[in-house]
Amino acid sequence: MTAGQGRASGPRGDAPPSEQTPLSGPVRLRFAPSPTGYLHVGGARTAIYNDLLRQSLGGAFVLRIEDTDRVRSDEAMTRQIEEALRWSGVAWDEGPFLQSERLPRHVAAAERLLAADRAYYCFCTTEQLDPLRREAEQQGRTFRYPRTCAHLPAGEVARRRAAGEPAAVRFRMPDAPVSWHDLVRGEVEFPAEALDDFVLLRSDGTPTYHLSVVVDDVEMRIDLVLRGEDHVSNTPKHIRLFEALDASLPRFGHLPLILGPDKRRLSKRTGATSVEEFRAQGILPEAFYNFLALLGWSPGDGRELMSRDELIAAFSLDRVSNAAAVFDPEKLLWMNGQYLWKLPLPDLLARVKPFAEAAGLGAHVDTPLFAAAVGLQQLRARTLVELAEQLQPYFTSELAYDEAASRKYLGTAGLPALLGELAARWAALDEWKKERLEESLRALATERGVKAAALIHPVRMALSATTAGPPLFDLVAALGREETAQRLERYRRSLAALSAQ
RNA sequence: GCCCCCAUCGUCUAGCCCGGUCAGGACGCUGCCCUUUCAAGGCGGUAACACGGGUUCGAAUCCCGUUGGGGGUACCA
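Its first residue numbered 15, the first sequence is counted upward by one per residue in this note's numbering.
So, in structure tokens, the structure goes:
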């Protein structure tokens, strides 16, 4: 390639010189997922970065569903995506627009290009092209469409079309390298040899992705395209199309991909990959947003726990990494815990509610015990699902005690009797308050010459069937007089039975 | 195969552009403290510049190569 970069035979001059100017607003940007099921974390992060930019620079965020070529554009899937975005905290200003509904405009654009001779009919079939492709590969060359139909006489084209011969429409790719200043990766250039006369309209008349995106971006006056790295190699095509359509070029930025723990492209095989799944796991949206914002970007000052507003204030594309990042679910869990622990109780109650209902605790959700239990377990759960699970013992008296632990407790002589005595004293308390409960238990321990802990642990087992949990007297206070008495009695019998064996 | 890109603790990363602090922070793992347990919290520890050549008084930082990884290579999006 000798042409030297820059200037070239591009019909309207070349891509603008690399603008080093920092991004300033307002911007019109878009997020354009294809409705292939659920919103992927990679897509979610792209949406979040667009959201961050839109919020910090002003302008508009356009949501467009790229549903061309979908067997049927499933409305449910579109709703799914909207819902996932809304949950994530991504705010869009316009849309969602369905690309499938804009097909006529795409076709019209192709016709304009045809009329301007920037595109041409191609009668070659896939069957004809495939062997050439393989041959090129074997010879170590990049395959390019040989332009068999690029210069057919107008008469022949008209005749063959009139005869009903199927024809695709191909873009006449200018024979020059394409370069642009990518907002995240800097100067990018593709040699002319790597560029092909790609298809605009399939032989069935439907537009391809490339045509649709560019036409839509033009008509929606998008001036900033921020998308995944998998689109880098499409960008030269798009740039040429913008030019051929006499449209001004948007700025482009390409985000590195998100990898799974196996360092390969994130897949369902290695864990959750969709926004839906994280939501169902009891991940908090603000933690999710925060975490994803930090996957491939950092403010540079060591901050990690950041609200959306803080992220908006600190975000800039030039600090986005250009290396792929591995998604670490462990760290997400940690971050989620950080958010969960700081939630005000009423807020947390509202959020666990659906999870508690799913866990079969629907009947208790509005009780004082429920609120108390959530408060006691808050610091002990990292997700809403964990929290809901931990609530279970508060509402079931049919606890399954840990036998090994129980045997250990029996090392304290006369433990069943001691528990009986404790139950009696507690039952006689005038005030069911943790301070009174604790005094009473400690007094009993002192009188009988045992350590308080020798009583505390069995009581915890009696009340919650677990060896771990919130401070005991908080637990007793929350459970209430009646429930505590019943559980102590039940455990006392169970212990007595165990020691009799 | 070919084109493009990437490379700092196991992971996310700061530092790189403008060569010169024990290569800093976070997750994880781990020790201690706190404590009736478990968490949370506090104080420590563990662990990285992929490799090889240059350039330089001096390289994680600049250049070349190798290796490894990723993306693309469609009448998919």
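Just so you know, even glycine gets a beta-carbon here, dropped at the ideal spot from N, CA and C. Only a predicted model underlies this, so the values are computations on that prediction, with no experimental measurement involved.
Could you check what DSSP says for residue i in three-state terms: helix, strand or coil?
i	result
PHE302	helix
ARG353	Correcting the residue identity first, residue 353 is Tyr in this sequence and not Arg. Helix, per DSSP.
ASP131	coil
TRP348	helix
VAL55	helix
GLY199	Correcting the residue type first, residue 199 is Arg in the shown sequence and not Gly. In the structure shown, ARG199 sits in coil (DSSP, three-state: anything other than H, G, I, E or B).
VAL379	coil
GLU108	strand
HIS471	helix
ILE236	coil
GLN19	Any reading at GLN19 must be qualified, since the residue scores a pLDDT of 30, below 50, and its modelled position is unreliable; the value itself is stated next. Coil at GLN19, not helix or strand.
TRP101	helix
ILE272	strand
ILE297	coil
SER247	helix
LEU43	strand
GLY428	coil
TRP440	helix
PHE204	strand
ARG78	strand
SER193	strand
PRO221	strand
PRO30	Because PRO30 sits at a pLDDT of 36, beneath the cut-off of 50, its placement in the model cannot be relied upon, and the following sentence gives the value as read from the coordinates. The answer is coil: DSSP assigns PRO30 none of H, G, I, E or B.
VAL464	coil
GLY24	With a pLDDT of 30 at GLY24, under the threshold of 50, the predicted position of this residue should be treated as unreliable, though the coordinate-derived value follows. It is coil, neither helix nor strand.
PHE292	helix
ALA514	helix
PHE157	coil
Relative to the alpha-carbon of residue i, which residue among the options has its alpha-carbon at the smallest distance?
i	options	result
GLY389	GLY376, GLU417, ARG365 and SER411	ARG365
GLU496	ALA437, ALA466, ASP323 and GLN406	ALA437
LEU225	HIS120, ARG293, THR426 and GLN69	HIS120
LEU357	THR480, LEU37 and GLU300	GLU300
ALA499	VAL473, GLY169 and PRO484	VAL473
ARG322	ALA105, PRO382 and PHE409	ALA105
GLY109	LEU37, ALA74 and ARG283	ALA74
TYR223	LEU455, ALA124 and PRO264	ALA124
SER411	GLU503, ASP361 and THR249	GLU503
PRO49	PHE369, PRO40, LYS251 and LEU99	LEU99
GLY103	ALA61, LEU493, THR140 and CYS136	ALA61
ALA468	ASP231, ALA168, ILE79 and ARG421	ARG421
TRP13	LEU362, ARG59, SER513 and ALA395	Because the chain here runs from 15 to 515, residue 13 falls outside it and cannot be looked at.
GLY51	ILE236, THR92 and LYS345	THR92
When the Cα atoms are used, what is the spatial distance from residue i to residue j?
i	j	result
GLY242	THR397	29 angstroms
SER508	ARG462	22 angstroms
ASP332	ALA164	41 angstroms
ALA442	ARG506	18 angstroms
GLY374	LEU319	33 angstroms
GLN19	HIS195	Summary for GLN19: the model assigns pLDDT 30, below 50, so the residue's position carries little reliability, and this model does not support an answer.
ALA466	LEU432	12 angstroms
THR460	GLY285	52 angstroms
GLU324	GLN69	11 angstroms
TYR423	TRP440	20 angstroms
SER39	GLY72	The question names Ser, but residue 39 is Gly in the sequence shown. Each residue's alpha carbon lies about 6 angstroms from the other.
ASP28	PRO191	Because ASP28 carries a pLDDT of 33, less than 50, the predicted location of this residue cannot be relied on, and the following value inherits that uncertainty. Answer to the nearest angstrom: the Cα atoms are 9 angstroms apart.
CYS138	GLU80	27 angstroms
ARG378	GLY296	Strictly speaking, residue 378 in this sequence is His, with Arg absent from that position. Spanning the two alpha carbons is a distance of roughly 19 angstroms.
LEU401	ARG254	54 angstroms
SER23	MET187	Note that SER23 has pLDDT 29, beneath the 50 cutoff, so the model's placement of it is unreliable and the number below is only indicative. Roughly 11 angstroms separates the two Cα atoms.
PRO205	GLN404	60 angstroms
ALA476	TRP446	18 angstroms
Under a Cβ-count criterion, where at least 16 other Cβ atoms within 10 Å of its own Cβ denotes burial, should residue i be classed as buried or exposed?
i	result
THR162	exposed
GLY428	exposed
ARG26	Any reading at ARG26 needs caution, since the residue's pLDDT is 29, under 50, leaving its predicted position unreliable; the model's value is listed next. Result: exposed.
VAL76	buried
PRO221	buried
GLY336	It should be noted that the sequence gives Asn, not Gly, for residue 336. Exposed is the call here.
ASP189	exposed
ARG501	buried
SER193	buried
GLY175	The sequence shown places Arg at residue 175, rather than the Gly named in the question. Counting Cβ neighbours within 10 Å, ARG175 comes out exposed, since fewer than 16 surround it.
ALA181	buried
GLN515	exposed
Practice problem: Specify whether the stretch 53 to 67 and the stretch 292 to 308 touch according to this definition: at least 3 beta carbon pairs, one from each stretch, less than 8 angstroms apart. | Solution: yes
Report yes or no: do three or more beta-carbon pairs, one from the stretch 265 to 275 and one from the stretch 226 to 241, lie closer than 8 angstroms?
yes
*Taking contact to mean at least 3 C-beta pairs separated by less than 8 angstroms, is the stretch 212 to 219 in contact with the stretch 270 to 277?*
no
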